[in-house]
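Here is the structure we will look at, set down as structure tokens.
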Amino acid sequence: MDPQMDHKLLTQNFLKLEQPANKVQCMHVYVDGSLRNFRAKDQTWPQKPQHPDEFPLLEFCGSATDFDVGNVADYYAKPVKLYKDPFRREPNTLVFCETYSREGLPTFANNRYRLLKVVNSQLETAASFTFYQSYTFLRKEDGKPLSYMDPAYDPDSKSGFACGRIIAESHYKACLYAGVNMASLEPINRLGQWATRGGPSLRGYSDECG
Numbered sequence: 001m002d003p004q005m006d007h008k009l010l011t012q013n014f015l016k017l018e019q020p021a022n023k024v025q026c027m028h029v030y031v032d033g034s035l036r037n038f039r040a041k042d043q044t045w046p047q048k049p050q051h052p053d054e055f056p057l058l059e060f061c062g063s064a065t066d067f068d069v070g071n072v073a074d075y076y077a078k079p080v081k082l083y084k085d086p087f088r089r090e091p092n093t094l095v096f097c098e099t100y101s102r103e104g105l106p107t108f109a110n111n112r113y114r115l116l117k118v119v120n121s122q123l124e125t126a127a128s129f130t131f132y133q134s135y136t137f138l139r140k141e142d143g144k145p146l147s148y149m150d151p152a153y154d155p156d157s158k159s160g161f162a163c164g165r166i167i168a169e170s171h172y173k174a175c176l177y178a179g180v181n182m183a184s185l186e187p188i189n190r191l192g193q194w195a196t197r198g199g200p201s202l203r204g205y206s207d208e209c210g
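If you're matching positions, the sequence shown starts at 1 in the UniProt record's numbering and goes up one per residue.
What follows is the structure in structure tokens.
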């Protein structure tokens with residue numbers, strides 16, 4: 001048997017263990033100082049949380065998460081949005097966080113804070129907000145767009161099959177399960193390229209993206 005497959009079978013035995021009724025896994029997620037990566041820390045909660053304010057600030061080390069400037073290493077993740085966990089299912093919860101310095105100021109990576117401030121300043125105009133995100137599946141071996149016409153294909157072709165559908169549909173379904181307000185999913189332009197749209201919302205950014 002493939003050693004990698006053997007390890008997966010072994011871990012599945014533990015992941016399928018029954019979860020105690022009074023133990024809820026709450027995964028805190030935040031953007032680190034690289035602006036490219038997510039960091040996560042799990043906490044065990046006695047019951048399913050109903051509001052982000054139920055959680056205290058989560059302390060983390062800035063030097064280990066690309067935030068550290070000089071000798072200041074104390075940073076905090078503030079819970080701001082809860083989602084159902086599509087990986088471990090309910091009652092387990094994803095806790096999306098903003099990041100703050102020791103002085104209580106938003107970090108340079110806390111773009112949510114700045115965007116939310118601008119959006120909420122325009123709520124009296126009854127503006128509607130929609131968030132559009134496109135992404136492309138790339139082949140591991142050469143970084144080219146995924147295609148069934150392998151290896152001879154035109155990456156700019158607008159015809160042919162939509163590639164990566166099972167992954168795109170899984171992502172879409174996971175977002176809907178979690179509670180993200182996803183309005184649409186569609187294949188676009190390049191082979192292996194997809195786009196999702198969140199919204200519309202009349203109440204601002206916090207409704208759609210945590």
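Note that CB positions come from ideal geometry on N, CA and C, so glycine has one too.
Just so you know, these numbers come straight off a predicted model, no measurement behind them.
**OP:** Identify which residue in 67, 186 and 103 has its Cα closest to the Cα of residue 35.
**Re:** 67
Original post:
Does the segment 74-87 come within contact of the segment 40-53, defined as at least 3 CB pairs closer than 8 Å?
Top reply: yes
**OP:** Count the C-beta pairs between the segment 120-139 and the segment 101-110 that are closer than 8 Å, then say yes if the count reaches three, no if not.
**Re:** no
Original post:
Residues in its own chain within less than 7 Å of residue 14 by CB, not counting five upstream and five downstream?
Top reply: none
Original post:
Which residue or residues does DSSP assign as beta-bridge partners of residue 59?
Top reply: 76
Original post:
Is it true that the segment 129-144 meets the segment 189-200, where meeting means three or more beta-carbon pairs spaced less than 8 Å apart?
Top reply: yes
Subject >> Span of the alpha helix (DSSP H), counted from its first residue to its last, around residue 171 >> reply: 165-178
Subject >> For residue 33: DSSP bridge partner residues >> reply: Per DSSP, none; premise fails for residue 33.
Subject >> Top-ranked residue by Cα proximity to residue 177, from 88, 23 and 65 >> reply: 88
Original post:
Considering residue 41, what are the terminal residues of the beta strand (DSSP E) in which it resides?
Top reply: 38-45
Original post:
Can you tell which of 44, 105, 141 and 199 has the C-alpha that lies nearest to the C-alpha of residue 74?
Top reply: 105
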